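Protein chains in written order, with full-length UniProt numbering: chain U, 1 to 365; chain F, 1 to 365; chain W, 1 to 365; chain P, 1 to 365. No residue lacks a Cβ here, since even glycine has one placed at the ideal position from N, Cα and C. In this text, all values refer to a predicted model and were calculated from it rather than measured experimentally. Step one of this worksheet: look at the structure below.
Protein chains: 4
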Amino acid sequence: MSSSNDNRTDIERRKNEHIDICLREDVQSRAVRSDAHRGNSGHIDSSRSGFDSYRFRHNALPEIDFAAIDISASFLGRPLQAPLLVSSMTGGTTEANRINRRLAEAAERRGWAMALGSGRAAIERPELAESFRVRELAPTIPIVANLGAVQLNYGYGADECRRLIELTEADGLVLHLNGLQEVFQPEGDTDFSGLLRRIEKLCRELDKPIGAKEVGWGIDGENAGRLFDAGVSFVDVAGAGGTSWSQVEKFRLPPGVRREAAEALAGWGQPTPACIEEARSAVPDGCLIGSGGLASGVDAAKAIALGANLAGFGRSLLAEAVESVESIEEKLAVIEFELRAAMFGIGAGTLEQLAETNRLIRPGG
Amino acid sequence: MSSSNDNRTDIERRKNEHIDICLREDVQSRAVRSDAHRGNSGHIDSSRSGFDSYRFRHNALPEIDFAAIDISASFLGRPLQAPLLVSSMTGGTTEANRINRRLAEAAERRGWAMALGSGRAAIERPELAESFRVRELAPTIPIVANLGAVQLNYGYGADECRRLIELTEADGLVLHLNGLQEVFQPEGDTDFSGLLRRIEKLCRELDKPIGAKEVGWGIDGENAGRLFDAGVSFVDVAGAGGTSWSQVEKFRLPPGVRREAAEALAGWGQPTPACIEEARSAVPDGCLIGSGGLASGVDAAKAIALGANLAGFGRSLLAEAVESVESIEEKLAVIEFELRAAMFGIGAGTLEQLAETNRLIRPGG
Amino acid sequence: MSSSNDNRTDIERRKNEHIDICLREDVQSRAVRSDAHRGNSGHIDSSRSGFDSYRFRHNALPEIDFAAIDISASFLGRPLQAPLLVSSMTGGTTEANRINRRLAEAAERRGWAMALGSGRAAIERPELAESFRVRELAPTIPIVANLGAVQLNYGYGADECRRLIELTEADGLVLHLNGLQEVFQPEGDTDFSGLLRRIEKLCRELDKPIGAKEVGWGIDGENAGRLFDAGVSFVDVAGAGGTSWSQVEKFRLPPGVRREAAEALAGWGQPTPACIEEARSAVPDGCLIGSGGLASGVDAAKAIALGANLAGFGRSLLAEAVESVESIEEKLAVIEFELRAAMFGIGAGTLEQLAETNRLIRPGG
Amino acid sequence: MSSSNDNRTDIERRKNEHIDICLREDVQSRAVRSDAHRGNSGHIDSSRSGFDSYRFRHNALPEIDFAAIDISASFLGRPLQAPLLVSSMTGGTTEANRINRRLAEAAERRGWAMALGSGRAAIERPELAESFRVRELAPTIPIVANLGAVQLNYGYGADECRRLIELTEADGLVLHLNGLQEVFQPEGDTDFSGLLRRIEKLCRELDKPIGAKEVGWGIDGENAGRLFDAGVSFVDVAGAGGTSWSQVEKFRLPPGVRREAAEALAGWGQPTPACIEEARSAVPDGCLIGSGGLASGVDAAKAIALGANLAGFGRSLLAEAVESVESIEEKLAVIEFELRAAMFGIGAGTLEQLAETNRLIRPGG
Ligand SMILES: Cc1cc2nc3c(=O)[nH]c(=O)nc-3n(C[C@H](O)[C@H](O)[C@H](O)COP(=O)(O)O)c2cc1C
Ligand SMILES: Cc1cc2nc3c(=O)[nH]c(=O)nc-3n(C[C@H](O)[C@H](O)[C@H](O)COP(=O)(O)O)c2cc1C
Ligand SMILES: Cc1cc2nc3c(=O)[nH]c(=O)nc-3n(C[C@H](O)[C@H](O)[C@H](O)COP(=O)(O)O)c2cc1C
Ligand SMILES: Cc1cc2nc3c(=O)[nH]c(=O)nc-3n(C[C@H](O)[C@H](O)[C@H](O)COP(=O)(O)O)c2cc1C
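In structure tokens:
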């Protein structure tokens with residue numbers, strides 16, 4: 001999520017603007033409800049995320065002990081205390097560095113997986129690499145490095161990816177597919193032709209696991225299938241309902257064609273729950289991350305019941321991430337508590353039981 | 001609905017807070033409509049209770065005499081002038097005592113059944129037992145004692161239950177299943193494992209009828225079946241749409257994980273009409289109470305047409321219950337009048353005809 | 001719509017209150033949308049009447065001449081310039097007299113049928129009969145006298161009906177079925193048992209045509225069938241969506257049980273379009289009037305396309321009826337123009353073509 | 001869209017009023033949502049246009065190069081840089097002249113097709129013809145002349161049409177079918193009988209291509225079929241959801257029957273997407289223009305995916321058209337960019353792929 005020909009100040013400004021806009025403006029996708037009352041903060045309105053259309057049927061006789069509910073999981077060969085992931089957000093600037101370190105420390109304490117923001121800056125400007133190094137703060141959890149898939153069409157290959165994984169001491173690399181975001185960036189990299197073949201090649205060449213993700217418009221069943229066929233180890237659907245990146249870029253654009261056009265795409269994208277369901281049925285055994293618009297641990301429970309192995313949170317964590325490690329840590333604990341409460345409410349004592357529950361329904365149809 | 005290790009002042013405070021919060025705050029469930037305008041009083045908004053989705057087809061030629069409509073019923077071996085129940089609410093404090101006495105007196109005058117709030121305080125602190133004794137005010141109607149089912153996992157057995165029935169001179173005992181409420185209480189009793197077997201044992205050991213109820217998240221068909229198989233004499237579905245107990249507890253909690261998490265559960269639970277329909281088809285002959293979010297006698301008529309034998313009202317009565325016997329009595333009379341008007345509107349002269357009407361429809365699907 | 005034991009001043013007050021309330025308060029039924037924004041005037045909000053759920057498919061090539069559209073019809077053996085009816089509203093007081101005379105004069109000028117309000121006052125107090133005599137102002141149009149069907153259970157028979165028809169010089173008599181309204185009137189006549197048999201007897205005994213109508217809760221297919229079997233000559237469905245009579249009575253009631261209960265019935269009743277469809281399929285050849293909540297000539301066109309022979313307007317005309325003959329006349333002309341415009345829009349040059357159009361659809365289902 | 005017996009000042013006033021009203025008042029059709037919040041400007045609210053009910057399923061792996069997307073098309077034998085059309089709007093007055101010249105210049109620069117407003121004034125008052133001559137500003141693009149089809153019933157024939165095509169140097173002529181608008185014009189031409197036969201005759205007699213369009217109520221599948229059978233070369237559905245011409249005329253009418261009646265027709269008409277779908281399936285190979293309520297290039301993409309060959313924009317361009325060529329040009333560029341972005345988002349590199357995509361869905365049903 002960085003464009004070519006940036007100098008250091010440009011990167012710094014863009015990254016900080018992204019964070020500021022995500023905290024201050026209403027950048028929530030309108031893919032689910034075009035007519036919802038517009039908010040204006042970093043908060044995700046769950047009636048606009050698509051998860052509200054799904055409901056758990058309550059179980060008045062759970063027949064389990066709340067204290068014994070087991071939500072431990074694993075990812076990329078490392079154990080997790082919860083099936084939860086901090087989604088890729090930032091890196092490359094002083095403020096990003098602070099955010100990443102806070103997120104990493106909190107994730108380590110709570111046993112969540114942690115994904116870094118796009119590491120392109122770290123590759124191209126070694127002096128920025130520092131801000132992506134959080135391993136010392138998070139020695140035991142899975143860490144995922146992040147890069148734009150489209151860079152494979154702009155000179156990147158196995159070498160650059162290997163370098164990024166090494167300098168971040170990551171357990172794997174996730175490539176983001178963000179076509180529409182590039183289109184709305186002034187000098188975006190918009191040649192997405194032949195990417196699948198290049199991803200396939202990369203998967204063969206690297207010995208660390210490679211994943212693919214969207215950034216808020218969603219990976220559907222068809223593409224999840226094509227990606228696993230190409231050799232990825234996991235797919236993060238990053239569906240619509242949460243952050244809309246055409247909206248975020250709109251707030252940064254100067255007056256002109258792109259800025260005027262952004263609004264028309266505010267409702268674009270495949271809602272996250274649909275992505276998860278489709279992807280799971282297309283790829284029965286693949287490792288899936290459900291993310292995009294999750295606002296609570298109840299949403300995480302729905303994501304898992306719909307077929308995700310892990311559930312990811314992005315913008316929902318941002319307000320706390322600019323504050324302190326303690327704020328984030330409490331936020332993560334709240335999400336876990338909500339997840340456990342939901343599991344208790346349907347009588348699921350393990351993630352397997354949650355994944356196989358018949359108590360998730362879609363009243364509308 | 002009381003937690004361990006309470007001293008008298010704690011109980012007093014908690015009970016009073018429950019009542020205050022139910023009267024002042026918007027604690028209505030969002031299980032039916034997450035986007036409804038939020039109210040802020042003790043009043044139940046019927047567009048949020050699930051009963052609005054059901055409608056009676058009007059009968060312009062009722063062919064009956066309004067004055068001859070017969071709504072007399074019976075419960076636990078005693079006759080009722082109406083198929084209606086005051087749901088379990090309170091007991092154990094001076095103010096609770098006043099409320100219970102007013103409710104009992106009004107119920108006796110109108111011939112409703114009356115359920116008491118949780119009697120755990122009465123068992124554990126004999127000096128509080130007084131506030132549960134309302135039989136002198138209500139000599140002819142069925143009175144139901146109430147206890148948390150989960151206490152069977154925390155040392156309670158047939159003896160304690162017998163003692164409670166005796167000191168309340170009740171005709172039966174209802175056990176409440178309130179897992180999610182316990183989870184949101186600081187020192188809640190949250191081990192719900194193996195409860196069904198213990199309920200079964202209790203039913204065998206006691207010679208008074210035992211029932212089971214939820215507290216606002218609903219008992220579905222599957223659990224209604226399991227409960228009757230275990231030997232209960234009646235089930236009160238206490239479904240979602242009315243009072244949300246995670247919301248009530250939220251207003252009492254100090255800042256922290258639980259308080260932050262409560263909001264995410266505000267929409268939890270199975271709407272009351274669905275519970276009744278499911279339970280009736282799972283248990284064709286069992287005695288069912290339809291409650292949770294009922295706001296009028298028209299809702300009561302719908303509950304009965306959906307399969308309930310009695311209809312229960314909780315928070316709808318609270319505003320009047322803190323006022324005077326006369327207020328409650330008028331409120332009960334209003335509900336009866338609405339029930340009769342609905343029966344007249346479809347031409348049902350008896351509760352049997354109401355139960356078998358084909359004039360209840362669900363326009364949406 | 002008058003209750004027993006009234007003296008003249010009582011009648012006068014009640015009739016005037018009905019009119020005032022209908023003009024000033026929001027008495028629109030909530031049978032169609034319980035959540036609509038509440039208005040507070042005599043105006044009917046068409047999004048709350050049920051007709052908005054039906055739409056005409058536009059015909060861009062009508063292939064007819066707007067000026068040649070023929071909407072002439074007939075009713076009770078007299079010709080009409082439009083298939084439209086002024087619904088029963090008032091009579092029996094000085095102000096009612098003025099309203100009836102204005103309505104009759106305007107109906108005569110535009111060639112509409114005209115129904116009078118309940119004539120019970122005229123029977124019981126001959127001195128009030130004058131206010132029901134409008135024939136001199138409306139020599140050519142069909143005039144319909146009106147009486148509560150329930151009076152047949154309270155001493156009325158063929159004699160009283162004959163007398164009413166004679167003194168109003170009416171072409172027929174319509175009996176209103178208003179059970180729920182009687183229930184909400186302090187001393188309402190609420191014994192509706194055995195009414196159908198009495199209607200049957202009356203139809204045999206009288207040589208003028210007898211019809212039946214509701215007052216805003218609707219006559220469904222089943223009852224339309226029973227009424228025609230009993231010998232009525234026409235049925236006016238008077239369905240829900242327009243004026244709610246429990247609401248109207250609510251505004252008149254003193255504090256107490258009835259007043260408190262009225263609100264719970266505000267959404268009662270079968271929406272008018274459903275009544276018409278059902279009744280037409282139950283009674284393929286019976287003469288049907290579609291009324292209840294009609295707000296425009298487009299609604300009238302829908303009523304006819306759904307199966308009505310005539311379309312009736314009540315409260316929609318009231319604001320003009322208290323003003324002047326000219327106001328009503330213009331209002332009637334507006335409704336006719338809307339009806340013609342709708343017919344032009346689907347290319348129907350005659351009422352037969354309108355009745356048989358396949359261009360009325362119900363997008364929602 | 002002009003009525004008989006006008007003198008020059010009348011025409012001038014009416015045309016200017018149309019433009020003013022379209023810019024200032026809420027004239028958006030309520031055919032799609034009768035309950036939407038009413039706006040009050042020239043802006044089209046896309047949640048009211050019907051296109052919001054259709055969504056594109058996002059393709060995270062478009063596998064194409066955004067820069068290589070090809071949207072070139074052709075119409076009436078001339079090449080277009082985009083499959084887009086400026087819909088018929090104005091002509092005949094000084095201000096109209098300015099608007100037409102700006103639109104023509106911008107359309108030429110961006111390679112859009114351009115339709116003129118009704119040319120009746122040019123035929124009947126040669127001194128006004130000047131304002132329809134824009135060919136000098138738009139030498140390469142297709143220009144379409146415009147006339148009311150109903151004029152064929154009021155003395156117009158092949159000669160007048162030929163004259164209009166010649167003086168506008170147009171590539172074809174489109175006849176508008178605007179029955180309901182004529183009805184709401186004080187001296188409108190409302191005899192639409194036998195028009196189809198006359199259109200057929202005209203198609204035979206003229207050697208330039210003849211098309212047919214509505215003005216905002218839509219041409220459905222049945223009529224599209226009849227029109228192609230009659231020999232037209234293209235049909236512009238001009239469906240409901242955008243400008244409502246009964247609303248526009250309402251704002252111009254003096255108090256009286258017509259003005260009062262207009263509101264009842266505000267929801268009339270067949271929504272544009274339905275028209276396109278129906279028309280395409282009725283006429284698999286006919287040239288179709290999708291217009292009526294299009295607010296963005298995403299809507300244009302939907303129109304094409306539903307079956308249109310070109311997409312037309314009317315009132316959406318008006319605010320810019322009264323400003324400057326540069327404003328319109330930017331507006332056209334924005335629409336093109338949105339169209340390309342939508343194509344990129346589903347991975348369609350050509351208009352053929354867009355037309356055949358299986359990625360357009362209708363979530364509601
Ligand atoms: C401030 C911010 C920065 C982001 N940066 C990246 C990034 O560098 N790489 C990436 O793949 N996704 C990035 N994302 C997208 C998120 O990983 C996530 O897919 C998206 O925001 C949707 O999830 P959400 O609704 O939970 O925020 C970013 C999101 C936010 C809010
Ligand atoms: C103030 C208050 C106190 C309550 N206390 C109890 C209780 O002690 N035991 C119990 O089983 N239910 C208790 N309930 C739950 C009610 O019995 C009922 O199931 C629930 O409120 C849903 O019904 P409603 O929507 O009509 O209020 C209480 C409810 C209220 C409003
Ligand atoms: C002021 C007023 C008085 C009415 N009085 C009578 C009446 O005496 N008899 C009767 O059968 N209906 C009466 N009605 C009912 C109307 O005939 C009609 O059925 C009902 O209002 C529904 O139609 P609407 O929605 O067009 O008003 C009255 C209605 C109004 C508004
Ligand atoms: C100001 C204005 C003037 C118009 N004049 C004409 C006209 O002369 N002839 C015609 O066929 N349509 C005319 N139309 C209708 C448009 O061509 C178009 O069919 C209609 O406005 C619906 O499209 P829209 O929703 O994009 O505006 C006019 C529209 C506008 C806004």
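What did DSSP end up calling residue i once you bin it into helix, strand or coil?
i       : result
P142(W) : coil
Q28(W)  : strand
I361(F) : strand
D220(W) : coil
F75(P)  : strand
S4(F)   : Confidence at S4(F) is low in this model, with a pLDDT of 48, below 50, so its placement is unreliable and the value that follows should be read with caution. In this structure, S4(F) counts as coil in the three-state DSSP scheme.
L80(U)  : strand
A266(F) : coil
S131(P) : helix
P126(P) : helix
A295(U) : coil
Enumerate in chain order the residues of its own chain whose CB-to-CB distance from residue i is below 6 Å, with the five nearest sequence positions on each side excluded.
i       : result
V298(P) : E338, A342
I199(P) : A230
Roughly how far, in whole angstroms, is the beta-carbon of residue i from the beta-carbon of residue j, given that I think they are within contact range, below 8 Å?
i       : j       : result
G314(W) : S291(W) : 7 Å
Which residues in the same chain as residue i place their Cβ atom closer than 8 Å to its Cβ, once the five residues preceding and following it in sequence are excluded?
i      : result
E63(W) : G347
With a threshold of 7 Å on Cβ separation, who are the neighbours of residue i within its own chain once the five nearest residues in sequence on each side are excluded?
i              : result
residue 378(U) : Shown here, chain U extends from 1 to 365; a query on residue 378(U) therefore has no answer.
I123(W)        : E160, R163, L164
- [ ] Anything in the stretch 42 to 69 of chain F with a Cβ closer than 8 Å to a Cβ of chain W? List those residues in chain order, please.
- [x] Cβ contacts with chain W come from S46, S47, D52, R55, F56, R57, H58, N59, A60, L61, P62, E63, I64, D65, F66, A67, A68.
Task: alpha helix (DSSP H) segments (min. 4 residues) lying fully within the stretch 307 to 354 of chain U - done: Restricted to the stretch 307 to 354 of chain U, the alpha helix (DSSP H) segments that are unbroken, complete and at least 4 residues in length are 318 to 321, 325 to 346, listed in chain order.
Task: Residues within the stretch 207 to 220 of chain W neighbouring chain F, beta-carbon criterion of under 7 Å - done: Within the stretch 207 to 220 of chain W, those residues whose Cβ lies closer than 7 Å to any Cβ of chain F are, in chain order, E214, W217, G218, I219, D220.
Task: Under 9 Å (Cβ pairs) to chain U, residues found in the stretch 175 to 194 of chain F - done: Those residues of the stretch 175 to 194 of chain F that come within reach of chain U (Cβ to Cβ, closer than 9 Å) are L177, N178, G179, L180, E182, V183, F184, G188, T190, D191, F192, S193, G194.
- [ ] Scan the stretch 316 to 338 of chain W for residues whose Cβ lies nearer than 7 Å to a Cβ of chain P and list them as they occur along the chain.
- [x] Within the stretch 316 to 338 of chain W, the qualifying residues are E330, A333, V334, F337, E338.
Open item on the list: Against chain U, which members of the stretch 263 to 283 of chain F pass a CB distance test of less than 7 Å?
Closed with: Only A264, L265, W268, G269, Q270 from the stretch 263 to 283 of chain F bring a Cβ to less than 7 Å from some Cβ of chain U.
- [ ] Check each residue of the stretch 248 to 262 of chain P: if its Cβ is closer than 8 Å to any Cβ of chain W, include it; give the result in chain order.
- [x] If the cut-off is 8 Å between Cβ atoms, the stretch 248 to 262 of chain P has G256, V257, R258, E260, A261 near chain W.
Task: Residues from the stretch 143 to 174 of chain U in contact with chain C, defined by Cβ distance under 8 Å - done: In the displayed structure, chain C is absent; the protein chains listed are U, F, W and P.
Open item on the list: List, from N- to C-terminal side, the alpha helix (DSSP H) runs of 4 residues or more that fit wholly inside the stretch 146 to 183 of chain W.
Closed with: Here the runs fully enclosed are 158 to 168, 179 to 183.
- [ ] Using a Cβ-Cβ cut-off of less than 8 Å, list which residues of the stretch 289 to 309 of chain W approach chain F; keep chain order.
- [x] With the criterion set as a beta carbon lying under 8 Å from some beta carbon of chain F, the stretch 289 to 309 of chain W has no members that meet it.
Task: Start-end ranges of the beta strand (DSSP E) lying completely within the stretch 211 to 258 of chain W, minimum 3 residues - done: DSSP runs (the beta strand (DSSP E)) wholly in the stretch 211 to 258 of chain W: 234 to 236.
- [ ] Using a Cβ-Cβ cut-off of less than 8 Å, give me the residues of the stretch 343 to 361 of chain U that come near chain F, in sequence order.
- [x] Per Cβ criterion, the list reads F344, G345.
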